Structures are given as structure tokens and as C-alpha cells.
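These notes are about the structure you will find just below.
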């Protein structure tokens with residue numbers, strides 16, 4: 001496990017947020033100019049935006065639909081869900097949050113935010129938070145929905161007046177903020193090597209490595225510093241089960257790495273499976289049946 005610095009998550013809607021402008025130094029008497037504007041003091045603003053979860057609502061969210069020939073996860077907001085706002089121009093997270101006012105794929109997010117905001121600032125709006133942690137999973141879809149369903153949206157501030165922030169979707173003229181998922185979800189069904197019996201796992205360790213055997217699954221990601229911790233993801237199930245949901249992320253999407261699964265059942269027996277060159281894409285849902293040979297200690 002190691003830490004790397006990475007410019008991950010610079011998808012198209014946020015690319016313009018990372019632009020840096022350099023200005024020449026000015027002399028001390030520059031503040032006497034007629035066009036000098038003093039720095040903003042923190043204020044409390046009201047903000048209302050429209051937001052949608054993802055571009056493809058049939059592949060990205062967390063209500064499982066098993067009615068068709070192919071299972072899907074349906075993307076919706078729930079009333080009261082909270083999102084947090086980071087100002088990339090001011091390098092600060094605004095205090096407070098925006099809240100979903102209804103259920104649905106596209107909803108109104110509304111709330112009060114405290115900090116400094118200027119017209120033209122670019123905001124990252126994060127659900128359920130801006131930074132991401134993928135450790136501590138229990139293998140259930142309900143926990144993924146409540147804790148690990150990370151999505152980011154980009155907003156450009158078009159006006160700040162009378163205590164109100166007005167913004168549009170970053171990168172286009174639309175007023176609806178497009179949230180993009182930052183990981184993929186896999187439902188693993190674990191069977192013995194013959195495919196005849198379930199492996200009821202107490203734990204499942206998932207690894208993804210590149211050709212140099214470097215770990216590529218993200219354990220933690222700090223949006224502000226871009227510090228990323230990579231390593232195996234351990235899922236602990238209680239009770240033991242052979243159907244385990246995992247939410248996983250890598251540094252770019254789509255990605256192709258070598259994946260290894262190690263399952264341990266209630267008797268302490270271990271089973272492993274390796275897939276070379278597996279490709280996954282953020283925002284997608286996969287169902288995979290894995291036949292795992294049992295591992296025996298060297299005699």
C-alpha cells in the first residue's frame with residue numbers, strides 16, 4: 001500500500017476548474033488604484049440548483065431492478081439527502097450543505113452556505129461528501145447507498161447578489177448540475193471451483209494491480225490535496241454470504257487491471273480467483289459469478 005499524488009477525477013466537466021492563472025507581482029502602492037477591490041469576507045448565502053444523478057439513470061444507482069432479463073440499478077435522489085460544496089477558486093469547503101427537496105432522478109437542491117464566493121468561481125458539489133473513503137464495506141447494497149455512493153458535480157457561479165448564489169452546470173449553458181459517479185459497483189456471486197456449491201464468505205479481499213504489480217484500488221481520496229491511498233479493499237460480511245456487493249474505484253475510467261479475489265469462509269478455509277485484464281468503468285453496475293479454487297496449506 002502506498003500514497004501517490006494524482007490528478008484523478010478531472011473529467012470533462014471539471015477540467016476547467018483546475019486552470020491556474022499567474023499574475024505579476026505589484027508594488028505596495030498598488031492598493032491605491034481606483035479598481036482595487038478588497039478581499040471578500042465570509043458571508044452566508046442561499047443557493048438553489050437543479051441536479052440530476054448521472055447521464056444514464058439505468059446503470060448508476062442503488063435500487064436493484066430484477067424484473068428484466070438484465071438486472072439494473074436505478075438512480076434516484078431521496079428527500080433530505082445532503083451534498084457539500086467546495087470552492088476550487090478559494091480552495092475551501094463552504095460550511096453548510098444543500099439538501100434534496102424531493103425524490104426523483106432530477107430534483108431541487110437547496111440550502112444555506114457560509115464562506116467566500118465570487119461570480120465566476122467554480123464549485124465542486126459532492127455527494128455524500130467531497131472526499132472519498134472505500135474501506136469498511138460490509139458487502140450490502142444498503143450500506144453502499146447510504147455511505148459509499150460518491151458522485152461529483154461541477155457548477156460555475158454566474159451571480160452573487162442579495163445573499164444568493166446563482167450557478168449553472170460547469171462546461172455548458174445548462175442550469176441542471178450533472179452528477180457523475182466516481183466508482184463502479186460489482187455484485188460478486190461466489191461458488192466453489194466446480195460451480196456446484198456456494199462459498200459463504202465472512203470476508204472478501206479484492207486487489208487490482210497493474211503490470212508493475214502496483215496497487216490500483218483506491219482506499220481513500222482527498223479532493224483538496226489530491227492525496228490518494230491505494231491498496232486492497234476488504235469486505236467483511238455478517239452473516240456470511242456468497243453474494244457480496246462491492247463499490248470500487250481506480251484512478252481513471254475505464255481501467256484495465258489484474259484483479260485477485262480472496263474469500264474466507266466461516267471455517268477459515270480460503271479460496272482465490274484471479275482475472276487478468278479486467279475492465280471496469282465508473283458509473284456502471286456489474287454482476288459476476290466467480291468460481292474459486294480452495295487454497296490448501298503447503299504440507
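Numbering (my numbering), first residue to last: 1 to 299. Backbone N, C-alpha and C define an ideal beta-carbon position, used for all residues, glycine too. All figures in this text were calculated on a predicted structure; none of them were measured in a lab.
Quick one: give me the first and last residue of the beta strand (DSSP E) that residue i is part of.
i           : result
residue 168 : 164-169
residue 187 : 184-192
residue 228 : 227-230
residue 76  : Per DSSP, residue 76 belongs to no beta strand (DSSP E) and is neither H nor E.
residue 272 : 270-280
residue 248 : 243-248
residue 291 : 285-292
residue 83  : 82-87
residue 220 : 218-221
Within 10 angstroms of the Cβ of residue i, are there 16 or more other Cβ atoms? Answer buried if so, exposed if not.
i           : result
residue 252 : exposed
residue 292 : buried
residue 173 : exposed
residue 163 : exposed
residue 213 : exposed
residue 296 : exposed
residue 237 : buried
residue 111 : buried
residue 224 : exposed
residue 294 : exposed
residue 41  : exposed
residue 139 : buried
Counting only the same chain and skipping the five closest in sequence on each side, list residues whose C-beta sits under 7 Å from that of residue i.
i           : result
residue 176 : 50, 51, 52, 106 and 169
residue 289 : 189 and 191
residue 80  : 99 and 100
residue 243 : 187 and 189
Which same chain residues, not among the five before or five after residue i, have their C-beta less than 6 Å away from its C-beta?
i           : result
residue 121 : 87, 89 and 157
residue 148 : 247
Determine which residues share a DSSP beta bridge with residue i and list them.
i           : result
residue 115 : 43
residue 258 : 209
residue 151 : 127 and 181
residue 49  : 109
residue 161 : 164
Ordered along the chain, which non-local residues of its own chain (more than five positions away) have a Cβ less than 8 Å from that of residue i?
i           : result
residue 286 : 184, 185, 186, 187 and 280
residue 179 : 51, 52, 53, 54, 125, 127, 151, 152 and 153
Strictly under 7 Å for the Cβ-Cβ distance: is residue i near chain D by that measure?
i           : result
residue 286 : Given the protein chain composition of this structure (a single chain), no chain D is represented.
The stretch 271-284 contacting the stretch 210-223, beta-carbon criterion three pairs below 8 Å: The stretch 271-284 and the stretch 210-223 do not touch, with fewer than 3 CB-CB distances between them shorter than 8 Å.
* Asked: Are there three or more Cβ pairs, one per stretch, closer than 8 Å when the stretch 130-148 is compared with the stretch 96-105?
  -> No, the stretch 130-148 does not touch the stretch 96-105.
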